[in-house]
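As you go down the protein sequences, you meet chains A and B in turn. Mind the numbering: the first sequence is residues 1 to 397 in this note's numbering, read in order. Mind the numbering: the second sequence is residues 398 to 794 in this note's numbering, read in order. Idealized CB from N, CA, C, for every residue including glycine. Values in this document were obtained by computation on a predicted structure and should not be read as measured data. Structure record follows, encoded as structure tokens.
Number of protein chains: 2
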Amino acid sequence: MADADPALLGTIETPALLLDAARLQHNLQRMARQMAALGVRLRPHVKTAKCLEVAQACDRASLAAGVPGAAEPGPITVSTLREADRFAAAGWRDITYAVGLSPNKFAHVQRLLEAGVALTVILDSVEAARALAAAAAAGWRRPVQVLVEIDADGQRAGLRPEAAELPAVAAALQGPGLRLAGVLTHCGGAYHARGEAALRAMAEQERAAAVHAAARLRAAGFEAPVVSVGSTPTALFAAQLDGVTEVRAGVHVFMDLMMASLGVCRADEIALSVLTSVIGQQPQRGWTLVDAGWMALSRDRGLAGEFDDYGLGLVCDAQGRVLGEGGGEWIVSAANQEHGIVTHRSGDATRRLDLPVGTLLRVLPNHACATAAQHTHYEVLGLPGAALQRWPRFAGW
Amino acid sequence: MADADPALLGTIETPALLLDAARLQHNLQRMARQMAALGVRLRPHVKTAKCLEVAQACDRASLAAGVPGAAEPGPITVSTLREADRFAAAGWRDITYAVGLSPNKFAHVQRLLEAGVALTVILDSVEAARALAAAAAAGWRRPVQVLVEIDADGQRAGLRPEAAELPAVAAALQGPGLRLAGVLTHCGGAYHARGEAALRAMAEQERAAAVHAAARLRAAGFEAPVVSVGSTPTALFAAQLDGVTEVRAGVHVFMDLMMASLGVCRADEIALSVLTSVIGQQPQRGWTLVDAGWMALSRDRGLAGEFDDYGLGLVCDAQGRVLGEGGGEWIVSAANQEHGIVTHRSGDATRRLDLPVGTLLRVLPNHACATAAQHTHYEVLGLPGAALQRWPRFAGW
Numbered sequence: 001m002a003d004a005d006p007a008l009l010g011t012i013e014t015p016a017l018l019l020d021a022a023r024l025q026h027n028l029q030r031m032a033r034q035m036a037a038l039g040v041r042l043r044p045h046v047k048t049a050k051c052l053e054v055a056q057a058c059d060r061a062s063l064a065a066g067v068p069g070a071a072e073p074g075p076i077t078v079s080t081l082r083e084a085d086r087f088a089a090a091g092w093r094d095i096t097y098a099v100g101l102s103p104n105k106f107a108h109v110q111r112l113l114e115a116g117v118a119l120t121v122i123l124d125s126v127e128a129a130r131a132l133a134a135a136a137a138a139g140w141r142r143p144v145q146v147l148v149e150i151d152a153d154g155q156r157a158g159l160r161p162e163a164a165e166l167p168a169v170a171a172a173l174q175g176p177g178l179r180l181a182g183v184l185t186h187c188g189g190a191y192h193a194r195g196e197a198a199l200r201a202m203a204e205q206e207r208a209a210a211v212h213a214a215a216r217l218r219a220a221g222f223e224a225p226v227v228s229v230g231s232t233p234t235a236l237f238a239a240q241l242d243g244v245t246e247v248r249a250g251v252h253v254f255m256d257l258m259m260a261s262l263g264v265c266r267a268d269e270i271a272l273s274v275l276t277s278v279i280g281q282q283p284q285r286g287w288t289l290v291d292a293g294w295m296a297l298s299r300d301r302g303l304a305g306e307f308d309d310y311g312l313g314l315v316c317d318a319q320g321r322v323l324g325e326g327g328g329e330w331i332v333s334a335a336n337q338e339h340g341i342v343t344h345r346s347g348d349a350t351r352r353l354d355l356p357v358g359t360l361l362r363v364l365p366n367h368a369c370a371t372a373a374q375h376t377h378y379e380v381l382g383l384p385g386a387a388l389q390r391w392p393r394f395a396g397w
Numbered sequence: 398m399a400d401a402d403p404a405l406l407g408t409i410e411t412p413a414l415l416l417d418a419a420r421l422q423h424n425l426q427r428m429a430r431q432m433a434a435l436g437v438r439l440r441p442h443v444k445t446a447k448c449l450e451v452a453q454a455c456d457r458a459s460l461a462a463g464v465p466g467a468a469e470p471g472p473i474t475v476s477t478l479r480e481a482d483r484f485a486a487a488g489w490r491d492i493t494y495a496v497g498l499s500p501n502k503f504a505h506v507q508r509l510l511e512a513g514v515a516l517t518v519i520l521d522s523v524e525a526a527r528a529l530a531a532a533a534a535a536g537w538r539r540p541v542q543v544l545v546e547i548d549a550d551g552q553r554a555g556l557r558p559e560a561a562e563l564p565a566v567a568a569a570l571q572g573p574g575l576r577l578a579g580v581l582t583h584c585g586g587a588y589h590a591r592g593e594a595a596l597r598a599m600a601e602q603e604r605a606a607a608v609h610a611a612a613r614l615r616a617a618g619f620e621a622p623v624v625s626v627g628s629t630p631t632a633l634f635a636a637q638l639d640g641v642t643e644v645r646a647g648v649h650v651f652m653d654l655m656m657a658s659l660g661v662c663r664a665d666e667i668a669l670s671v672l673t674s675v676i677g678q679q680p681q682r683g684w685t686l687v688d689a690g691w692m693a694l695s696r697d698r699g700l701a702g703e704f705d706d707y708g709l710g711l712v713c714d715a716q717g718r719v720l721g722e723g724g725g726e727w728i729v730s731a732a733n734q735e736h737g738i739v740t741h742r743s744g745d746a747t748r749r750l751d752l753p754v755g756t757l758l759r760v761l762p763n764h765a766c767a768t769a770a771q772h773t774h775y776e777v778l779g780l781p782g783a784a785l786q787r788w789p790r791f792a793g794w
């Protein structure tokens with residue numbers, strides 16, 4: 001944890017999104033070491049941070065650890081074409097857009113290709129493949145790479161690895177302007193797997209699904225050079241990734257309470273928090289009011305209802321130390337747009353954080369992607385040579 | 398409802414935030430007529446739209462309806478000092494910041510005052526009053542107006558109207574650089590009151606609390622020229638507002654499924670929706686995948702668990718007509734960052750929206766403030782003289 005000078009924190013108007021540079025670096029190195037050990041390329045998902053500086057730090061960590069294919073700038077995954085635009089403008093070239101493509105984005109895809117981006121898109125049906133093939137054949141001068149999305153766990157999109165339609169989708173992707181490149185999967189079920197054994201099993205399920213689908217494509221006479229898998233839990237808990245060519249992961253850069261609940265990280269490895277001020281009390285209800293409401297925290301409830309319930313976030317002191325004797329005792333239990341209500345996690349209204357108006361606190365996020373999305377920039381603490389630095393993030397589509 | 402040319406909608410990349418100009422106008426006129434009838438000033442809360450054009454439309458509707466104190470630009474309420482900055486830069490001058498003030502915002506308040514803004518802030522304790530008085534006494538050349546926040550319903554911040562400390566807070570606000578202006582309350586309980594009788598009772602509870610607190614201040618020898626109340630439900634259902642000088646309301650401009658659940662509006666009066674495309678199917682699970690996930694919709698669950706559960710939003714066709722024979726049959730039942738899963742509201746997996754990839758749909762928001770906050774601009778449909786216009790919104794603190 002970066003030591004934060006209290007006077008420095010006092011210069012920040014609350015609420016604000018804090019990024020601890022030392023914890024970020026720790027998290028990046030952990031993932032890079034794992035990828036280097038497994039011998040697989042890392043294609044970080046920039047949807048979590050939506051920030052050029054964070055992606056640059058990822059690239060540097062991969063290079064330093066000797067991750068295969070690491071470069072500066074390196075390969076990235078995006079969740080929106082806006083991310084592709086922004087990263088392309090800053091020099092990134094090898095970009096995978098990992099959300100099924102709708103036809104009203106074809107023109108945007110073509111613009112990115114013509115700007116020199118090596119863009120890969122995904123789809124999971126003959127219908128979508130035919131639509132893209134028809135568009136690409138009508139004069140796309142630079143080909144788009146296509147991965148067939150595979151459903152490893154019944155959680156979202158994709159064809160099951162054993163789906164009868166798989167070769168037909170591949171067949172629909174033969175033609176000018178596009179190139180079938182392989183398969184991609186994401187085991188969202190990993191966000192519901194707690195503990196090392198369950199996480200390892202999820203990683204293997206994800207790997208096996210992708211490798212099996214790629215093998216079926218090859219057996220049917222198609223090329224499938226790319227076998228892309230990933231999520232933060234499966235990436236960090238995979239014992240081996242034989243047959244996989246790249247791993248995608250996003251939230252590993254910051255970590256969050258969901259990852260802590262699953263046993264993927266400890267709470268004191270979470271690099272992101274929302275700095276907030278006490279603005280009042282309701283002593284008879286055990287409430288401390290803070291100026292971080294759902295606008296600053298997001299409404300994401302993480303794994304509440306399934307595993308740990310932290311309300312809208314876990315409360316730390318200004319230095320980022322979890323409050324309470326055993327730790328983890330105080331949460332943001334309710335919120336309005338710009339008000340958060342901090343209570344004891346037990347719900348015991350006779351217990352109250354008795355802190356003066358103006359006291360600074362930090363709130364750890366349930367879900368880093370969602371909390372970060374509520375902010376326009378990061379206040380980065382602990383960078384060498386800069387007490388406090390602002391890294392912008394972008395939004396929209 | 399504005400007729401949306403299908404070819405026009407086809408030019409928008411999804412997901413996108415649509416604003417129906419005709420419905421917006423209808424909602425603004427409804428509130429303005431109510432305020433004119435009650436004879437009370439309207440101070441719209443710009444936190445919902447965070448958009449200059451929407452605030453301008455509010456001002457015009459108030460002027461046209463003859464709302465007392467209406468002007469162009471008129472009085473506004475803000476939830477952040479960023480909103481105050483942006484509106485002040487665009488000419489708005491009479492601004493109330495309706496969130497308890499933390500000391501790390503004092504310098505920002507002073508900057509706004511010195512830029513010529515007639516700024517009003519709120520607080521609810523002797524401690525906070527003393528801190529502000531000390532800062533203001535140390536050389537603020539233009540005074541800040543202060544309202545004491547009153548707790549009308551035990552939902553959030555504020556002093557109870559009968560609280561013994563009330564005169565002491567007022568006493569702590571006597572001094573150079575600041576001026577006690579009265580009281581402010583917001584009956585958040587109105588968001589849990591369903592039906593006309595319950596809403597009318599909430600409006601009266603809110604009015605009575607504020608008027609009582611102001612009377613106590615006056616009886617103790619303090620001036621209290623401002624008695625500010627409001628929320629969209631209480632504003633629209635108040636039968637009389639005797640003793641109240643101004644009403645604040647925000648979500649009335651757009652309306653949303655929460656307001657529809659309470660009986661404040663009909664679903665076909667909701668002006669805001671998220672335009673989305675079908676990107677795939679999982680037929681065996683009854684799923685239609687769309688490109689509006691929680692990033693486009695927000696994670697706000699509205700009044701689920703209490704009244705109607707619309708998942709993350711109610712699905713309409715591209716023209717904004719609620720889908721299903723009886724209406725209200727299809728919802729976004731789950732979402733990832735950029736994926737939404739549309740299912741039948743009954744949970745019956747044998748029922749599925751069988752629509753081709755690329756089909757456009759609209760999703761009505763549970764909570765307009767939260768959904769709009771996920772976007773950088775509005776695509777405004779149906780403005781005179783412009784088929785489609787983009788109105789920017791801003792974010793951050």
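Hey, would you say residue i sits closer than 8 Å to residue j, going by beta carbons?
i: residue 278 (chain A); j: residue 355 (chain A); result: yes
i: residue 222 (chain A); j: residue 170 (chain A); result: yes
i: residue 794 (chain B); j: residue 734 (chain B); result: no
i: residue 776 (chain B); j: residue 787 (chain B); result: yes
i: residue 184 (chain A); j: residue 136 (chain A); result: no
i: residue 122 (chain A); j: residue 147 (chain A); result: yes
i: residue 480 (chain B); j: residue 447 (chain B); result: yes
i: residue 87 (chain A); j: residue 144 (chain A); result: no
i: residue 604 (chain B); j: residue 563 (chain B); result: no
i: residue 465 (chain B); j: residue 438 (chain B); result: yes
i: residue 102 (chain A); j: residue 754 (chain B); result: yes
i: residue 440 (chain B); j: residue 473 (chain B); result: yes
i: residue 757 (chain B); j: residue 418 (chain B); result: no
For residue i, list the residues DSSP reports as bridge partners.
i: residue 94 (chain A); result: A:118
i: residue 582 (chain B); result: B:547
i: residue 775 (chain B); result: B:788
i: residue 343 (chain A); result: A:331
i: residue 278 (chain A); result: A:290
Pull up the CB-CB distance for residue i and residue j, whole angstroms please, since I reckon it's below 8 Å.
i: residue 686 (chain B); j: residue 100 (chain A); result: 7 Å
i: residue 335 (chain A); j: residue 286 (chain A); result: With a Cβ gap of about 16 Å, residue 335 (chain A) and residue 286 (chain A) do not count as contacting.
i: residue 326 (chain A); j: residue 366 (chain A); result: The Cβ separation is near 20 Å, so there is no contact.
i: residue 182 (chain A); j: residue 214 (chain A); result: 6 Å
i: residue 606 (chain B); j: residue 549 (chain B); result: 4 Å
i: residue 629 (chain B); j: residue 646 (chain B); result: 5 Å
i: residue 312 (chain A); j: residue 297 (chain A); result: 5 Å
i: residue 759 (chain B); j: residue 713 (chain B); result: 4 Å
Measuring only from the beta carbon, is residue i closer than 7 Å to any heavy atom that is part of the ligand FMN?
i: residue 695 (chain B); result: The model on display carries no ligand, and the ligand FMN is accordingly not part of it.
Are there three or more Cβ pairs, one per stretch, closer than 8 Å when the region 650-657 of chain B is compared with the region 60-73 of chain A? Verdict: no, contact absent.
The region 275-300 of chain A: which residues have C-beta closer than 8 Å to a C-beta of chain B, in chain order? Correct list: 277, 278, 279, 280, 281, 282, 285, 289, 291, 294, 295, 296, 298, 299, 300.
Is the region 489-496 of chain B touching the region 508-526 of chain B in the sense that three or more CB pairs, one from each, lie closer than 8 Å? Contact holds: three or more Cβ-Cβ distances are below 8 Å.
Pair every Cβ in the region 663-675 of chain B with every Cβ in the region 405-415 of chain B, then say whether three or more of these pairs are closer than 8 Å. Under the Cβ criterion (8 Å, minimum of three pairs), the region 663-675 of chain B counts as touching the region 405-415 of chain B.
Determine which residues of the region 606-629 of chain B have a Cβ less than 8 Å from any Cβ of chain A, and write them out in chain order. Hits within the stretch: zero.
Residues of the region 758-778 of chain B with Cβ closer than 9 Å to any Cβ of chain A, in chain order: Against chain A - using a Cβ distance shorter than 9 Å - the residues of the region 758-778 of chain B are 764, 766, 767, 770, 771, 772, 773, 774.
Below 8 Å, can you find three or more Cβ-Cβ pairs linking the region 123-142 of chain A to the region 190-206 of chain A? As far as the Cβ criterion goes, the region 123-142 of chain A does not touch the region 190-206 of chain A, which means the pair count is below three.
Flag this pair as touching only if the region 563-581 of chain B and the region 608-625 of chain B have three or more C-beta atom pairs under 8 Å; answer yes or no. Taking 8 Å as the limit for Cβ pairs, the verdict is that the region 608-625 of chain B does touch the region 563-581 of chain B.
Chain B contacts made by the region 122-148 of chain A, where a contact means CB separation under 9 Å: So the list reads 123, 124, 125, 127, 128, 131, given in the order they occur along the chain.
Examine the Cβ distances between the region 654-666 of chain B and the region 638-646 of chain B and report whether three or more of them are shorter than 8 Å. Contact fails between the region 654-666 of chain B and the region 638-646 of chain B, because fewer than three Cβ pairs, one in each stretch, are under 8 Å apart.
Note down, in chain order, all residues in the region 330-359 of chain A with a beta-carbon under 7 Å from any beta-carbon belonging to chain B. Result list: 336, 337, 338, 339, 356, 357, 358.
What residues from the region 103-116 of chain A come within 9 Å of chain B, judged by C-beta to C-beta, listed N to C? Sequence-ordered contacts of the region 103-116 of chain A with chain B read 103, 104, 105, 107, 108 [C-beta pairs closer than 9 Å].
Chain B contacts from the region 39-73 of chain A (Cβ-Cβ distance under 7 Å): Going along the region 39-73 of chain A in chain order, one finds 47 with a Cβ nearer than 7 Å to chain B.
Could you name the residues of the region 163-193 of chain A whose beta carbon sits closer than 8 Å to any beta carbon of chain B, in the order they occur along the chain? Listed by position along the chain: 188.
Could you run through the region 474-496 of chain B and flag, in chain order, every residue whose CB is less than 8 Å away from some CB of chain A? Listed in sequence order: 476, 477, 478, 496.
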